[in-house]
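Residue numbers (this note's numbering): 829 to 955.
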């Protein structure tokens, strides 16, 4: 059963500007070390950074909380299977919310171009 859905789209240029202006401080605030490492392996990391930003926003919408007191940037991590398929790992408040909602897992889909990054998240129940 679907407990919640979320979607987000962001301009890659907005994330690129934040990364250029604030550098490590920006990415360390919103991403886990493995996410940063993956994004920075690309010649142009901005679309990959933006996709993860959009993913975390979409996940927070699926939970119905947004990013804030109950669910922070570091509570959500986007990883990749060997096939390239993204998946979500929840930490701290993310795990707590999933358990309180009797959820099983969060499904995620990412897409990006040079200009935009988008993500869709589905929160599924354990039933």
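For each residue, glycine too, the CB sits at the ideal point set by N, CA and C.
Bear in mind the structure is a predicted one, so any value in this text is a computation, not a measurement.
Between residue 953 and residue 863, the alpha-carbon positions lie close to 26 Å from each other. Classified as buried, residue 948 has 16 or more neighbouring CB atoms from the shown chains inside 10 Å of its CB. Around the beta-carbon of residue 849, fewer than 16 other beta-carbon atoms lie within 10 Å, marking it exposed.
In this structure, the CA atom of residue 920 is about 28 Å from the CA atom of residue 840. Ranking 882, 951, 871, 933 by CA distance to the CA of residue 940 puts 882 first.
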